[in-house]
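Only one structure is covered here, and it is reproduced in the block below.
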């Protein structure tokens, strides 16, 4: 893992930090940490919550977690 902690995204409800990189022969892995602001409301209805992740490749293609089917198994 290569060092390099850096804030890579900030919004009103979340902050994303890049904690480092793992470099492999045919791939690179980014190590991200997400900090989310939470609010508790007693007696209120619960909102659906989740983390959406998206990537944009150098050739312009995009993929997000919304593009993945509901099955938990994702072939690699």
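In our numbering, the protein residues as written are 4 to 79. Even glycine gets a Cβ: it sits at the ideal position worked out from N, Cα and C.
Can you check which of these residues, the options, is closest to residue i by C-alpha distance?
| i | options | result |
| --- | --- | --- |
| residue 38 | 62, 18 and 11 | 18 |
| residue 55 | 61, 62, 35 and 27 | 35 |
| residue 23 | 63, 16, 59 and 11 | 11 |
| residue 30 | 14, 60 and 16 | 60 |
What distance in whole Å lies between the Cβ atoms of residue j and residue i, which are believed to be in contact at a cut-off of 8 Å?
| i | j | result |
| --- | --- | --- |
| residue 67 | residue 57 | 4 Å |
In three-state terms, what does DSSP make of residue i?
| i | result |
| --- | --- |
| residue 8 | coil |
| residue 36 | strand |
| residue 68 | helix |
| residue 18 | strand |
| residue 23 | strand |
Assuming contact is defined by CB atoms lying nearer than 8 Å, are residue i and residue j in contact in what I supplied?
| i | j | result |
| --- | --- | --- |
| residue 20 | residue 8 | yes |
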